Amino acid sequence: MTDALDMQGNATRELVSFAIGEQDFCMDIMLVREIRGWTNVTMLPHAPAHILGVINLRGAVVPIVDLAARLGLEPITPTERHVIIIAVLGDQTVGFLVSAVSDIIGISPSEIQSPPRATSENAADFIEGVIADERRMLRILNIASVLPRTRVVEEA
Amino acid sequence: MTLKILAIDDSRTIREMLRLCLVRAGFDVYTAEDGVDGLESLDEVDPDVVITDINMPRLDGFGVISAIRAAESRASLPILVLTTESAAELKERARRSGATGWIVKPFDDVKLVAAIRRIAAM
Amino acid sequence: MSSLDDIKQTFFLECEELLEALNDGLADIEAAIPDDTFDTETINAVFRTVHSIKGGAASFGLEPIVRFSHCFETVLDLMRSGKVRPDTTNVRVLHRAADHLADLVAASRSDTPLDAAAGDALLAQLNALAGHAPQVAAPVVPIPDVTSAGPDDGDLAFLPLAIPFDFDPAGAGEPIPRTFRIEMTCSRELFANGHDPVHLFRELAALGDLTVEADLSALPDFDALDPLVCLLSWRLELLSEASEEDLREIFEFVEGLAQVRIEASSGAQDATGSQDAVEAPHELPPPPVATFDADPAARPPAPETSEADAPSTRREAKAAPGRAPKSTVRVDLDLVDSLINIVGELVINQSVLSQSLSDANVAHRSEIGGSLDEYKNLALQIQECVMSLRAQSVKQLFQRMARIVRETSEIAGKSVAFETDGEDTEIDKTVIERLIEPLTHILRNAIDHGLEAPDRRRAAGKTPTGTVRLSAGHRSGRVVIEVSDDGSGINRPKVQAIAVKKGLIAPDLQLSDNEIDRLLFLPGFSTADSVTDLSGRGVGMDVVRSEIQKLGGRVGIFSHPGKGTTFSISLPLTLAVLDGMVVDVAGQTMVVPITSVVETIRPDLSDLHMIGATSQVIKVRDALVPIVDLGMIFSYRDEPVDRARMVILLVETEQSERWGLAVDRIIDQRQVVIKSLEGNYGHVDGVAAATILGDGKIALIIDPEETARMADSGSAVASLMSAAGG
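Protein chains in written order, with the UniProt record's numbering: chain A, 1 to 156; chain B, 1 to 122; chain C, 1 to 726.
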């Protein structure tokens, strides 16, 4: 489902890359429904710190996750310049607050490396692979691991 | 001219099965859901063949046949009886009541159409 | 055009109706037992339902259903003819058979195999009733392979006739044509049964080369001719590769109405000879019945009907007074749901318009205000209609519960009279489905724990048969479903002792009767001395409570020692809309369901009293009502709302407990569309759902009861309840 075919018929993955603070991440473009500017949210009582609240997305109630806080990075204080990536996984729609969306890139599976295991960084738990070139390192986000509902189930 | 068939059965499933099979075979199909309903439809539909279930509320298949045969205008209208029993006794009863032929449920598409061909002007 | 798969779905839908009718019929028969007044038509109707299920199932090769319904209908047939008595014992077997048939249908529908053991036992019972044990279980009806019946994509590739491949007299690969000599003499009844030999000859001609010679010798003078009597006989010769069976099959229907003799002479060379013999080879004979066709009344030219389906569709929809069949349209539930959503948006849109109109200071009496009122009415009407699309009567649910009662009472060894009321009450389809589990559990509980054993009932001066009553009805904008029994009521000392023993409550806790009753809803609570097979299935009343809560409903218990217990489930009419009071809580806009608000109070300072450091109560008439500060309970602020400004919403729980919800101010009252929070997020304590307000912002809909329980740390029960309710 996540594989697209390029002109040569090779399976490549198209990824949306985005920045959270200083770090670069990406997620499969098939998961991304839309990208929108920050709007005010309705707070949810007793929610974990990384749940900013809910917004109305064309009649649906969609929770917004502060990805920075979720990944254990410095939480983002949202402003109009920040961006929400609306992602759909299965029957769940979630918005992710990120600093900025950078690019859409095509990656062949051979370019993806397993995440470094040695790291003790909290974020490593949420990463399914990395793409490194001379300029930068892109972390492929495992969306399923950052969904709010999963978190709720864990807590229950 | 396309043959017009009036199918009388209280089971919606069977009615739809009949319709599917008969429409595919190129017939015009009309349905009624019990004997009374079927008799009421006769003048409106003016069928070339009647297919009727036996066990139905209000008026059963034998009643339908007698009523049709009693009216002079349709005394020789071909009537097929749908029955779940293949017992000779039931066939005999159908024949005595004036049925032209019978089809044993569950019916086979090919056999049903063959049966119609044997009793109707096509 | 519908395909075979569509028809299979129709079959299952029809089965639902038939099973419902079957249960109704059996109930009617059961009711007639004491007076011994049996209506043959009732038994007949019951027979027909099983018969129809069998017939449909056979069409789809659903053998287990066919086999079982055949035995079932055999017994019903005997009952219809008076050979099997419809007494209590027998009708109980029939009830169980109906239940099993429903299971078989469900198993076929979901394509899951069913444990054969239960069915076998019932088959044996049915066979015993039918008076002939072993032979009925044999396969009864030949089941065609429906998959090979033809392509169901609607093309007209229809085989004209079966071509026999099995006949091979010479033993060689190629079938060899033979000449058949056929003699047919009609009886007088042939025409009376609607036969016309010409059609038979045409079919024969399709098998090969046919010659026909009519023998007119039996015809009387024209004056004496009775056109309705066939006095002809024919000699036919057919050169064909077909088998004798094929020929016999063509004559099948006229067997007994005509004398038919078929002789096969082998050898293709016969064919030439036969062709010489007859006058009109390859041609059908002139129709011998032409005289009858000339009668204009016999076959009036039918008007051309281009819309072949139209009259029949109307027929389908017409309700026959004798049976009042449901006329239905099958609609994808998703379609209904999106319609509900769109109508919801329409209602929101209407409130946005109202709001902007009032913001723009347009007088309510103005023309535009009047139009808007009309718009509002229309929107609400559409909403009501759309909602009713999802509504279903609880009848099937109740029938299902009747089955639970039968099964449970049998296992528990208690005699139970099951009464129902309000079967026609309509509820949202989804709600009905999700009520099955909780109701099952409550009913099992009522029979297992609620009703006493027959000897104890006698000792208490009651009838040995206990009564369990299931009722449904509309009450002040909600649907209320009640299960009551006339058993011993809740043994409160015992319940409390168990709760203490299990460490659920402190030993010295003073509890009101109602609080004790509610201990049953605590997780892990079970009052049975021995965990029976019935109620102790790993789920407790706490699950019932949380299931009902998920539906926006409440469960209440009302018990009277020695007289019985009533469980009351109160549900919203729809899952989609509620009348809400829009309030401001510490700057957040929230919605409180109006149904739970008894009154709104702008409190007099003298009516407010502090209890301890943070708890407050308000004096409402003579009662002291605890206050829940919504801003604090939801952690929107640390300090209680200003006492001078606050507004109290007095809410009442299912247990008739009153609470005051303190808010900053009331903004509005309006209908709001309920949006699930759980789909994309999860449950939030004290929050029932979300909604979208006129400005497009999301507001949370408060669950007053859960909120109250969260707040009430004073009562150990309540704090446990709120933990359980999450």
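Beta carbons are placed, not taken as given, at the ideal position from N, Cα and C, and that holds for glycine. For clarity, every value in this text was computed on a predicted model and none was experimentally measured.
Nonlocal neighbours in the same chain, by C-beta distance under 8 angstroms from B/ARG19, ignoring five residues either side: Taking the first residue of the second sequence as 1, we reach residue 19 of chain B at position 19. For B/ARG19, the CB contacts under 8 angstroms within the same chain, skipping 5 residues up- and downstream, are ALA7, VAL29 and THR31 in chain order.
Chain A contacts from the region 357-384 of chain C (Cβ-Cβ distance under 8 angstroms): Within the region 357-384 of chain C, no residue has a Cβ that lies closer than 8 angstroms to any Cβ of chain A.
Reduced DSSP secondary structure (H/G/I, E/B, other) of A/THR42: Against the first sequence, residue 42 of chain A aligns to sequence position 42. In the three-state reduction of the DSSP assignment, A/THR42 falls in the strand class, which pools E and B.
Minimum Cβ-Cβ distance from B/ILE62 to chain C less than 9 angstroms: Reading the second sequence from its first residue, position 62 is the one you call residue 62 of chain B. Position check: residue 62 of chain B holds Phe in this sequence, whereas Ile was assumed. No - not a single Cβ of chain C is within 9 angstroms of the one on B/PHE62.
Residues in the region 97-120 of chain B having any Cβ partner in chain C nearer than 7 angstroms: Residues are counted here when their Cβ sits less than 7 angstroms from a Cβ of chain C; for the region 97-120 of chain B these are GLY98, ALA99, THR100, GLY101, LYS105, PRO106, ASP108, ASP109, VAL110, VAL113, ALA114, ARG117, ARG118, ILE119 and ALA120, given in chain order.
Beta-bridge partners of C/LYS619, as assigned by DSSP: In the third sequence, counting from the first residue as 1, residue 619 of chain C sits at position 619. Per DSSP, C/LEU624.
is_contact[A/PRO75, chain C] using C-beta, thresh 9 angstroms: The residue labelled residue 75 of chain A in the question sits at position 75 within the first sequence. Not closer than 9 angstroms to any Cβ of chain C, the Cβ of A/PRO75 fails to qualify, so no.
Range covered by the beta strand (DSSP E) that runs through C/HIS560: For this step, residue 560 of chain C is matched to residue 560 along the third sequence. Boundaries of the beta strand (DSSP E) harbouring C/HIS560: 554-560, taken from the DSSP string.
Residues that C/PHE11 bridges to, as DSSP identifies them: For the purposes of this step, residue 11 of chain C is taken as residue 11 along the third sequence, with counting starting at 1. BP columns for C/PHE11 are empty, so no partner.
Runs of alpha helix (DSSP H) wholly within the region 86-118 of chain B (minimum 4 residues, chain order): 88-97, all fully within the region 86-118 of chain B.
Anticipated Cβ contact below 8 angstroms, C/THR10 with B/GLU33, distance rounded: Position 10 of the third sequence holds residue 10 of chain C. Position 33 of the second sequence holds residue 33 of chain B. Contact doesn't hold; Cβ gap of about 13 angstroms is too wide.
Interface residues of chain B facing C/SER512 [CB-CB closer than 8 angstroms]: Position 512 of the third sequence, counting from 1, holds the residue named residue 512 of chain C. Think of a sphere of 8 angstroms around the beta carbon of C/SER512: no beta carbon from chain B falls inside it, the nearest being about 56 angstroms out.
Own chain residues within Cβ distance below 6 angstroms of residue 727 of chain C, not counting five before or after: A question about residue 727 of chain C goes unanswered here, because the residues of chain C that appear run from 1 up to 726.
Segment contact flag, the region 76-96 of chain A with the region 35-47 of chain A, C-beta cutoff 8 angstroms, min 3 pairs: Output reads yes: the region 35-47 of chain A touches the region 76-96 of chain A.
Under 7 angstroms by beta carbon: chain B residues contacting C/GLY56: As a working mapping, residue 56 of chain C is identified with position 56 in the third sequence. Neighbours of C/GLY56 on chain B, chain order: SER11, THR13 and ILE14.
Local Cβ density within 10 Å of C/THR89, reported as buried at 16 or more and exposed below that: Taking the first residue of the third sequence as position 1, residue 89 of chain C is located at position 89. Exposed is the call here.
9 angstroms Cβ cutoff, B/LEU20 in contact with chain C: Stepping through the second sequence from its first residue, residue 20 of chain B is reached at position 20. Closer than 9 angstroms: yes.
Proximity below 9 angstroms, CB of C/SER217 to CB of C/GLU183: Taking the third sequence and counting its residues from 1, the one referred to as residue 217 of chain C is at position 217. Taking the third sequence and counting its residues from 1, the one referred to as residue 183 of chain C is at position 183. No, the Cβ-Cβ distance between C/SER217 and C/GLU183 is not below 9 angstroms.
Validate contact between the region 423-433 of chain C and the region 390-402 of chain C using beta carbons, cut 8 angstroms, 3 pairs: Touching, yes.
Among C/PHE634, C/SER635, C/VAL617 and C/SER596, nearest to C/ILE627 - alpha-carbon criterion: One-based indexing of the third sequence puts residue 627 of chain C at position 627. Ranked by Cα distance from C/ILE627, the options C/PHE634, C/SER635, C/VAL617 and C/SER596 are led by C/VAL617.
Within 9 angstroms, strictly: CB atoms of A/LEU71 and A/ILE20: Within the first sequence, the letter at position 71 stands for residue 71 of chain A. Within the first sequence, the letter at position 20 stands for residue 20 of chain A. In contact: A/LEU71 and A/ILE20 (Cβ atoms closer than 9 angstroms).
Proximity test, Cβ basis, 9 angstroms: C/PHE191 and chain B: Position 191 of the third sequence holds residue 191 of chain C. At least one chain B Cβ lies under 9 angstroms of C/PHE191.
Contact list for B/THR52 against chain C, beta-carbon separation under 9 angstroms: In the second sequence, counting from the first residue as 1, residue 52 of chain B sits at position 52. Correct list: empty, because the minimum Cβ distance to chain C is about 12 angstroms.
Under 9 angstroms by beta carbon: chain B residues contacting C/ALA45: Working through the third sequence from its first residue, we reach residue 45 of chain C at position 45. Chain B residues near C/ALA45: PRO57.
Limits of the beta strand (DSSP E) - the one that C/HIS199 falls within: Mapped onto the third sequence, residue 199 of chain C falls at position 199. Run containing C/HIS199: none in the beta strand (DSSP E); it sits in the alpha helix (DSSP H), 197-207.
Three or more C-beta pairs below 8 angstroms linking the region 184-194 of chain C and the region 71-82 of chain B: Output reads yes: the region 71-82 of chain B touches the region 184-194 of chain C.
Assigned secondary structure, C/LEU339 (DSSP; H/G/I helix, E/B strand, else coil): Within the third sequence, the letter at position 339 stands for residue 339 of chain C. When DSSP states are grouped into helix, strand and coil, C/LEU339 belongs to the helix group.
Contact check, C/ARG643 vs C/ASP664, beta carbons under 9 angstroms: Along the third sequence, read from residue 1 onward, the residue named residue 643 of chain C stands at position 643. Along the third sequence, read from residue 1 onward, the residue named residue 664 of chain C stands at position 664. The Cβ atoms of C/ARG643 and C/ASP664 lie no closer than 9 angstroms to each other.
Straight-line Cα distance separating C/THR463 from A/VAL94: Counting from 1 along the first sequence, the entry for residue 94 of chain A is found at position 94. Counting from 1 along the third sequence, the entry for residue 463 of chain C is found at position 463. Using only the alpha carbons, I get a separation of about 59 angstroms.
The region 21-33 of chain A in contact with the region 135-149 of chain A per 3-pair CB rule at 8 angstroms: Cβ pair count under 8 angstroms is three or more, so yes.
Complete runs of the beta strand (DSSP E) confined to the region 395-473 of chain C [at least 3 residues]: Entirely contained in the region 395-473 of chain C, the beta strand (DSSP E) runs reaching 3 residues are, in chain order, 416-421 and 426-428.
Beta-carbon neighbours of C/ILE692, restricted to chain A and to distances below 7 angstroms: The residue you call residue 692 of chain C lines up with position 692 of the third sequence. Per Cβ cutoff of 7 angstroms: ASN56 and GLY59.
CB contact below 9 angstroms: B/ARG93 versus chain E: Among the chains of the structure shown, chain E does not appear; the protein chains present are A, B and C.
Exposed unless 16 or more other CB atoms sit within 10 angstroms - verdict on C/GLU631: Within the third sequence, residue 631 of chain C is the residue found at index 631, counting from 1. The residue asked about is misnamed: residue 631 of chain C is Gly in this sequence, not Glu. By the 10 Å Cβ count, C/GLY631 comes out buried.
9 angstroms Cβ cutoff, C/PRO144 in contact with chain B: Locating residue 144 of chain C in the third sequence gives position 144, counting from the first residue. With a pLDDT of 44 at C/PRO144, under the threshold of 50, the modelled position of this residue cannot be trusted; read the value that follows with caution. With 9 angstroms as the cut-off, C/PRO144 counts as an interface residue toward chain B.
Secondary structure of A/ALA19, DSSP reduced to three states: The residue you call residue 19 of chain A lines up with position 19 of the first sequence. Strand at A/ALA19.
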